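S.K.: Residue numbers (UniProt numbering): 1 to 381. Here a beta-carbon is modelled for each residue, glycine too, at the ideal position from N, C-alpha and C. If you're wondering where the values come from, they're calculated on a predicted model, not measured in any experiment.
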Amino acid sequence: MSVVSPRVALIAITKHGVSQMVALAAKMVSSDIEELTVVTSRKFASEVESVDCNKIIYQGAMRAQMASLMESFDQLLFFVSLGAVVRLAAPHLKSKDEDPGIVVVDDAGKFVIPVLSGHVGGANEYAEKIASILQATAVVTTASDVGKTIPVDILGRELGWKIEAPKINITRVSADVVNEEPIAFVQEAGSRDWWRRDSALPANIHLFDSFEDVDLTQIKSLLWVTNQDIPAAVWDQLDERLVVYRPPRRLMLGVGCDRNTPLETVETALSNALKQINASHDQVDGMATIDKKSDEVALLQLADSHGWRCTYFSAEQLSEVEVPNPSDVVMKYMGTPAVAEAAAILAAETTMDDLLIEKYKYRGKDGKNATISVVEIKEQG
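1) Between which residues of its own chain and THR351 is the CB-CB distance below 8 Å, once the five residues before and five after are set aside?
2) Suppose you measure from the CA of SER373 to the CA of PRO324; what does that come to, to the nearest Å?
3) Grab the span of the alpha helix (DSSP H) containing TRP235 for me, first residue to last.
4) Decide if ILE133 is buried, meaning its Cβ has at least 16 other Cβ atoms within 10 Å, or exposed.
5) Could you have a look at GLY286 and say whether DSSP puts it in helix, strand or coil?
6) CA-CA distance, LEU299 and GLU349?
7) Just mark ASN260 as buried or exposed, buried being the case when its beta carbon has 16 or more other beta carbons within 10 Å.
8) Return helix, strand or coil for ILE11, following the three-state DSSP convention.
9) With DSSP as the reference, label THR40 as helix, strand or coil.
10) In angstroms with no decimal places, state the Cα-to-Cα distance between SER271 and LEU253.
11) Per DSSP, what kind of secondary structure is SER174 in: helix, strand or coil?
12) Determine, for GLN75, whether the minimum Cβ-Cβ distance to residues of chain C falls below 8 Å.
13) Looking only at C-alpha atoms, which of ALA273, LEU222, LEU242 and GLY101 sits nearest to LEU207?
14) Could you tell me the alpha carbon to alpha carbon distance between PHE211 and ILE163, rounded to whole angstroms?
15) For LEU10, count the other beta carbons within 10 Å of its own beta carbon; 16 or more makes it buried, fewer makes it exposed. Which is it?
16) Bridge partners of ALA184, per DSSP?
17) Between LYS359 and ALA340, how many whole angstroms is the CB-CB distance? I'm expecting something under 8 Å.
18) For the beta strand (DSSP E) holding GLU341, just list the boundary residues, first then last.
19) By Cβ distance below 6 Å, which residues in the same chain neighbour PRO202 in space, the five residues on each side in sequence not counted?
20) Only counting the same chain, and skipping five residues up and downstream in sequence, which positions put a Cβ closer than 6 Å to that of ALA370?
21) What does the alpha-carbon distance come out to for the pair ASP176 and GLU47?
22) Which complete beta strand (DSSP E) runs does the UniProt domain "Cobalamin synthesis G N-terminal" (66 to 145) hold, if anything under 3 residues is left out?
23) My assumption, with CB atoms under 8 Å, is that LEU82 sits in contact with ILE113. Please give the rounded CB distance.
24) Give the DSSP-derived three-state secondary structure of ILE168 in the structure shown.
25) Taking the C-alpha atoms as reference points, what is the distance between ASP353 and THR336?
26) When you compare only the Cα positions, how much space is there between GLY364 and VAL297?
27) What residue does the beta strand (DSSP E) around ALA370 start on, and which one ends it?
28) Can you tell me whether DSSP reads ASN227 as helix, strand or coil?
29) Just the C-alpha distance for ALA90 and VAL80, rounded to the nearest angstrom, thanks.
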């Protein structure tokens with residue numbers, strides 16, 4: 001998963017604040033990890049000339065700049081008093097899903113305080129990062145961060161997980177988590193590397209590999225990482241105490257086709273196959289086939305057009321893979337009882353249990369055949 005560097009604005013309106021801002025900006029620029037802008041009034045324009053980053057020099061009141069700043073940046077870091085920042089930002093607040101993170105540094109540079117959008121906007125994490133640079137203290141007040149527990153509203157965000165739950169569920173489950181109520185954490189999909197804190201997982205969080213393993217009478221709320229469809233009856237049963245996370249699916253394709261099959265036929269076969277499992281092309285990690293097809297034009301074009309790596313296996317390698325649909329005909333012509341199924345399984349380093357589509361066959365208008373198999377790549381660890 002690619003990580004986009006946040007758009008960061010450092011803002012100061014006093015001589016001492018500008019001095020602190022310039023010192024911090026120099027350290028941040030040297031790390032080369034930010035899309036950084038310094039913001040100050042025309043009065044202090046000469047003070048920021050030495051900083052090698054974007055600059056906004058305004059004339060008039062800071063108040064007039066706030067709407068634009070809140071629309072244009074992901075993180076606003078103020079060297080301004082906390083009360084003043086609250087008054088400046090208040091008229092422009094929308095929601096925690098839209099507002100930027102706002103952080104304040106005190107005049108002595110000893111404390112870094114996330115003021116707004118601590119979780120969803122990332123201000124808590126950013127405050128800790130800035131505090132580390134300044135050798136200051138981050139004053140974080142969000143309960144799940146202070147208590148070193150699960151942040152329900154942003155869990156797995158860096159892994160590409162999408163949260164699925166009404167807002168009332170997120171609110172109530174978050175309260176149960178921070179109040180140390182018994183929580184079931186069911187993980188049936190996605191990376192296991194979701195706990196990023198240095199401390200141990202809190203004792204009230206109980207881990208399960210399957211929903212069926214959970215005794216619902218023994219828990220208050222449930223966090224469920226899955227790609228399954230959740231029945232309405234389960235949502236009703238848990239009564240606003242369920243939050244679901246959808247990790248991105250990672251798929252491997254096994255592909256076979258007749259000699260000189262047109263690209264259109266292979267593309268149609270693939271689109272039809274993916275549609276059967278409600279998957280998209282951007283979830284595909286790569287494709288695989290038999291080495292005898294390493295010069296098959298349509299397969300080369302398919303891999304190239306989507307930016308996929310194509311892995312080739314010998315008939316001997318493929319014939320050793322257990323598959324659900326071995327074919328005597330394929331064995332006769334290719335030297336292995338399966339191509340698409342076996343290639344997908346081998347490339348994904350898994351077994352036929354992870355086949356989402358065993359063998360989808362499609363015949364094009366010209367009579368040429370293409371076969372698609374799809375395997376879900378399981379996370380390691």
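M.R.: Let me spell this out:
1) Answer for THR351: GLU322 and ILE345, listed in chain order.
2) When only Cα atoms are considered, SER373 and PRO324 end up about 11 Å apart.
3) Where TRP235 is concerned, the enclosing alpha helix (DSSP H) stretches over 232 to 238.
4) ILE133 counts as exposed, since fewer than 16 other beta carbons sit within 10 angstroms of its beta carbon.
5) Three-state result, GLY286: strand.
6) Cα to Cα, LEU299 sits roughly 21 Å from GLU349.
7) Label assigned to ASN260: exposed.
8) It is a strand residue.
9) In the structure shown, THR40 sits in a strand (DSSP, three-state: E or B).
10) Roughly 12 Å separates the two Cα atoms.
11) Three-state DSSP puts SER174 in a helix.
12) Absent here is chain C; the protein component of the structure consists of one chain.
13) Here the closest residue by C-alpha is LEU222.
14) Their Cα atoms are separated by approximately 17 Å.
15) LEU10 is buried by the Cβ-count criterion.
16) For ALA184, which the question treats as bridged, DSSP gives the partners HIS206 and LEU222.
17) Correct: roughly 6 Å between the Cβ atoms.
18) Unbroken run through GLU341 is the alpha helix (DSSP H), 340 to 348; no beta strand (DSSP E).
19) Counting only Cβ-Cβ distances below 6 Å, and skipping sequence neighbours, we find THR149.
20) Cβ within range, chain order: CYS257, THR261, THR265, VAL266, ALA269 and TYR362.
21) When rounded, the distance between both Cα atoms is 49 Å.
22) Whole beta strand (DSSP E) segments, 3+ residues: 75 to 79, 101 to 105 and 111 to 116.
23) Between ILE113 and LEU82 the Cβ distance is about 6 Å, and since that is below 8 Å, they are a contact.
24) The three-state secondary structure of ILE168, taken from DSSP, is helix.
25) Distance between the alpha carbons of ASP353 and THR336 is about 20 Å.
26) Between the alpha carbons of GLY364 and VAL297 lies a distance of about 16 Å.
27) For ALA370, the enclosing beta strand (DSSP E) begins and ends at 369 to 376.
28) In this structure, ASN227 counts as coil in the three-state DSSP scheme.
29) Straight-line Cα distance between these residues: approximately 15 Å.
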